[in-house]
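For reference, the structure discussed in these notes is given below.
Residue numbers (our numbering): 30 to 422.
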């Protein structure tokens, strides 16, 4: 299944200003190819609401589910195949809605949602959308006006009888959004690497994430491609939405351990919701941040007495703390320095860039004075006196 490009309503005869100007109504198309054991059906849902988010997807799936139930009375498993745009099918909101809404919509025992890789080419849903829009354009070329939602649906139902057409109201989308708030969900780390998520009614609030679809393991815990488990607490939809805010956590496999050591992890919700200082201001890269103590007391020993033609280390902290090496060109009476900065090309090798990088600095930005560097045949300055504890950008 996939969203087709929105169709722009047209008139059979238009003056130039109407053709190129004005705001014409657009119609959203969601195309689905339904495969069952004995039958395959082309379907398309139309809506005047142009949203393509997870709530709209659920609303567009409702007529599909009603049709499938007429074909199969007892649904054991539903396979979904879609592409993986992060704003539509592959995100924390849809993962939540698979458990909270779609599983109940189809009243099935298991759901396997497969995501195709980028650059996968066209599929059956794209052909459905192309057929519908080409038919609509042909009708317009014959002089018919398809200037609104109802006229488009009526003509397509009469001229594309091989495609089952249904409508979705904007109020239905808004109803799903109001009943199932996803504002407080937490993303799953590694969402973009997911190629399949699996839900079963035996582990109602869990989704298993895999980086490849596994036909060997099926709906059982995968020992080949599992990358983690998305945990969604049990929902009581009869409660008022203001009294219950569903949360999502990701419990991933610990590196270097087997799946037996990564069973259900009981998480204290109150503790998970609490934001700590280190969660907001911490970083994994030592080269990108330094503590206040390190800034106040650098790890290298120095005596600040720079002179003209001395090489110095300068601390810049506009966005994040970084060190740079420069050559002092001038010193005024107020001990303000004009410095020509070098460009780092290797761990200890620096060169002057083709375009001079000259900036004024103050004395408090000077960290230390460096010993005179060696100059090789390529006009590269080699600072052998640099300490390993100094991170030069």
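Yeah, the Cβ is synthetic: ideal placement off N, Cα and C, and Gly gets one too.
Check: Can you list, in chain order, the stretches of the beta strand (DSSP E) that have 3 or more residues and sit fully within the segment 165–214?
Finding: 192–197
Checklist line | Counterpart residues of residue 89 in DSSP-defined beta bridges | finding: DSSP output for residue 89 lists no bridge partner at all.
Next item on the list: Measure the C-alpha to C-alpha separation of residue 109 and residue 81 and round it to an integer number of angstroms.
Entry: Straight-line Cα distance between these residues: approximately 17 Å.
Check: What is the C-beta distance between residue 215 and residue 91, in whole angstroms, given that I count them as a contact (C-beta under 8 Å)?
Finding: Between residue 91 and residue 215 the Cβ distance is about 27 Å, and since that is not below 8 Å, they are no contact.
Margin query: Is it the case that the segment 240–259 contacts the segment 166–179, given that we only count it when at least three CB pairs across the two stretches are under 8 Å?
Written below: In short, these stretches do not touch, since the Cβ pair count stays below three.
Notebook entry, point to check: Of all the options 89, 209, 153, 83, which has the alpha carbon lying nearest to the alpha carbon of residue 114?
Noted result: 83
Next item on the list: Would you give the residue range spanned by the beta strand (DSSP E) that residue 109 belongs to?
Entry: Note, residue 109: beta strand (DSSP E), 106–111.
Next item on the list: Could you tell me if residue 191 is buried or exposed, where buried requires 16 or more neighbouring beta carbons within 10 angstroms of its beta carbon?
Entry: exposed
Checklist line | Straight-line Cα distance separating residue 355 from residue 344 | finding: Distance between the alpha carbons of residue 344 and residue 355: 11 Å.
Notebook entry, point to check: Going straight from the alpha carbon of residue 413 to that of residue 359, what length do you get?
Noted result: 25 Å
Note to self: Give me, in chain order, the residues of the same chain whose beta-carbon lies closer than 6 Å to that of residue 123; leave out the 5 immediate sequence neighbours on both sides.
What the structure shows: 83
Checklist line | Reduced DSSP secondary structure (H/G/I, E/B, other) of residue 79 | finding: coil
Next item on the list: Use the C-beta contact count for residue 37: other C-beta atoms within 10 angstroms, 16 or more gives buried, fewer gives exposed.
Entry: exposed
Item checked: Assigned secondary structure, residue 399 (DSSP; H/G/I helix, E/B strand, else coil) -> Correct three-state label for residue 399: strand.
Check: According to the neighbour-count rule (16 or more other Cβ atoms, all chains shown, within 10 Å of its Cβ), is residue 146 buried or exposed?
Finding: exposed
Item checked: Euclidean distance between Cα positions of residue 372 and residue 390 -> Straight-line measurement puts the Cα of residue 390 at about 17 Å from the Cα of residue 372.
Item checked: Any 3 or more C-beta pairs closer than 8 Å across the segment 87–106 and the segment 60–71 -> yes
Notebook entry, point to check: Can you give the Cα-Cα distance for residue 181 and residue 175, rounded to whole angstroms?
Noted result: 5 Å
Note to self: On the criterion of 16 or more Cβ atoms from any shown chain inside 10 Å, does residue 154 qualify as buried, or is it exposed?
What the structure shows: buried
Next item on the list: State the CB to CB distance for the pair residue 127 and residue 142, rounded to an integer number of angstroms; the pair is presumed to be in contact (CB under 8 Å).
Entry: 7 Å
Check: Should residue 195 be labelled buried (16 or more other beta-carbon atoms within 10 Å of its own) or exposed?
Finding: buried
Next item on the list: Tell me where the beta strand (DSSP E) around residue 124 begins and ends.
Entry: Premise fails: residue 124 lies in the alpha helix (DSSP H), 121–126, not in any beta strand (DSSP E).
Note to self: I'd like to check one pair, residue 353 with residue 381: are the Cβ atoms closer than 8 Å?
What the structure shows: In this structure, residue 353 does not lie closer than 8 Å to residue 381 by Cβ.
Margin query: Considering only DSSP beta bridges, list what residue 62 is partnered with.
Written below: 71
Checklist line | Residue from 245, 152, 129, 163 whose Cα sits closest to the Cα of residue 206 | finding: Among 245, 152, 129, 163, the Cα nearest to that of residue 206 is on 129.
Next item on the list: Can you give me the Cβ contacts of residue 139 inside the same chain, cut-off strictly under 8 Å, excluding the 5 residues immediately before and after it?
Entry: 105, 106, 107, 227, 228, 229, 230, 248
Next item on the list: Please report the residue range of the alpha helix (DSSP H) in which residue 133 lies.
Entry: Residue 133: member of the alpha helix (DSSP H) spanning 132–135, first to last residue.
Next item on the list: Grab me the residues of residue 118's own chain with a C-beta within less than 6 Å of its C-beta, minus the 5 sequence neighbours each way, in chain order.
Entry: 111
Check: Can you check whether the CB of residue 77 is closer than 8 Å to the CB of residue 93?
Finding: no
Next item on the list: Figure out for me which residue from 415, 368, 385, 396 has the closest Cα to the Cα of residue 376.
Entry: 415
Note to self: I'd like the list of long-range same chain contacts for residue 185, defined as Cβ closer than 7 Å, with 5 residues on each side in sequence excluded.
What the structure shows: 161, 164, 165, 194.
Next item on the list: With a threshold of 16 other CB atoms inside 10 Å of the CB of residue 341, please say whether the residue is buried or exposed.
Entry: buried
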